[in-house]
Amino acid sequence: MPEPVTLRPRGGMIIAAIALVIAAAALVFIAIDGGLLDLARWAWPVVLLGWGAWLLYLRPYVRVSEGFVEISNLVRTYRVPWGDIDSVDSRFALTIRTRGGRVIRAWAAPAPGARQALSTQRADVTHTPGDDDTRRPSDAEGTASGDAAGLVRRELERHRREGTAAVGQTALTWHPLLIAGTTALAAAAVVSLVLPHG
Numbered sequence: 001m002p003e004p005v006t007l008r009p010r011g012g013m014i015i016a017a018i019a020l021v022i023a024a025a026a027l028v029f030i031a032i033d034g035g036l037l038d039l040a041r042w043a044w045p046v047v048l049l050g051w052g053a054w055l056l057y058l059r060p061y062v063r064v065s066e067g068f069v070e071i072s073n074l075v076r077t078y079r080v081p082w083g084d085i086d087s088v089d090s091r092f093a094l095t096i097r098t099r100g101g102r103v104i105r106a107w108a109a110p111a112p113g114a115r116q117a118l119s120t121q122r123a124d125v126t127h128t129p130g131d132d133d134t135r136r137p138s139d140a141e142g143t144a145s146g147d148a149a150g151l152v153r154r155e156l157e158r159h160r161r162e163g164t165a166a167v168g169q170t171a172l173t174w175h176p177l178l179i180a181g182t183t184a185l186a187a188a189a190v191v192s193l194v195l196p197h198g
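Mapping of the sequence shown onto full-length UniProt numbering: position 114 corresponds to residue 114, and the numbering continues sequentially without gaps.
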């Protein structure tokens with residue numbers, strides 16, 4: 001794999017884009033209608049809406065590279081070397097189980113909803129990687145979980161076949177600035193809504 005591949009759910013990106021456009025339009029409306037003083041008072045909940053959309057739908061990703069799979073969820077990121085992957089599943093989301101027993105689910109690769117799962121035909125998962133008995137609608141191509149699981153399974157199989165699976169432990173990174181910034185923004189939004197405005 002010459003270049004890393006980064007996956008994000010298309011549906012989540014659309015939701016985030018809509019939320020960000022609404023938040024930006026609301027800020028402009030507040031500034032035009034009430035001036036800078038109202039903007040300073042009421043912007044925090046609106047900014048929190050946009051920030052939440054980015055945090056929930058745009059920030060999470062699955063990155064597949066030559067040396068590892070990187071799963072970034074809300075405030076933490078896992079870097080899993082190919083040699084530390086025990087199994088790959090897609091039942092509720094792309095799920096990687098490490099050799100040490102850690103279970104890592106990817107927010108960026110959720111399984112399809114009930115309606116899409118019920119409409120999935122056996123033919124939709126015929127050519128996806130995996131055993132016939134364990135394939136399910138969440139493995140179907142075109143779904144966030146299916147696309148991510150298929151890519152990870154193919155690369156894992158290639159690394160195992162070629163004997164190039166990097167050995168190492170899964171690394172977990174927390175993002176304290178992201179946590180602190182989100183907490184501060186939420187607190188500012190609450191204060192903005194609770195304090196009396198004259």
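Using N, Cα and C, we set each Cβ at its ideal position, and we do this for glycine too.
Just so you know, these numbers come straight off a predicted model, no measurement behind them.
1. For Leu118, which three-state DSSP category applies?
2. Alpha carbons only, please: which of Ala171, Ala180, Ala40 is nearest the one belonging to Val191?
3. Trp174: which of Arg91, Tyr78, Val28 sits nearest, CA to CA?
4. Out of curiosity, what's the CA-to-CA distance linking Asp132 and Val75?
5. Is Ala53 helix, strand or coil when you go by DSSP?
6. How close, in whole Å, do the beta carbons of Ala111 and Ser90 come, if the pair is a contact with beta carbons under 8 Å?
7. Among Thr183, Asp147, Ala165, Arg160, which one has its Cα closest to the Cα of Arg10?
8. Please name the residue or residues paired with Glu70 in a DSSP beta bridge.
9. Of all the options Ala144, Ile15, Asp33, Gly34, which has the alpha carbon lying nearest to the alpha carbon of Val62?
10. Look at the alpha carbon of Ala93 and the alpha carbon of Glu70, and state the distance between them as a whole number of angstroms.
11. Return the CA-CA distance between Ala16 and Leu27, expressed in angstroms with no decimal places.
12. Taking DSSP as the reference, what is the three-state secondary structure of Arg8?
13. Taking the C-alpha atoms as reference points, what is the distance between Gly12 and Gly168?
14. In the DSSP output, what is Ile85 paired with across the bridge?
15. Use the C-beta contact count for Ile179: other C-beta atoms within 10 angstroms, 16 or more gives buried, fewer gives exposed.
16. Measure the alpha-carbon distance for Val152 versus Val64 and round it to whole angstroms.
Answer, in terms of the structure:
1. Caution applies to Leu118, whose pLDDT of 42 falls short of 50 and renders its modelled position unreliable; the value that the coordinates give is listed next. Helix at Leu118.
2. Ala40
3. Comparing Cα-Cα distances from Trp174 to each of Arg91, Tyr78, Val28, the minimum goes to Tyr78.
4. In this predicted model, Asp132 has a pLDDT of only 49, less than 50, meaning its place in the structure is not dependable enough to derive any value.
5. helix
6. About 6 Å separates the beta carbons of Ala111 and Ser90, which is inside the 8 Å limit, making them a contact pair.
7. Asp147
8. Answer by DSSP bridge pairing, in chain order: Arg63, Arg79.
9. Here the closest residue by C-alpha is Ala144.
10. 15 Å
11. 16 Å
12. Shown here, Arg8 sits in coil according to DSSP, grouped into three states, outside any helix or strand.
13. Approximately 32 Å, taken between the alpha carbons.
14. In the DSSP assignment, Ile85 forms a beta bridge with Thr98.
15. In this structure Ile179 is exposed. Its beta-carbon is surrounded by fewer than 16 other beta-carbon atoms within 10 angstroms.
16. 7 Å
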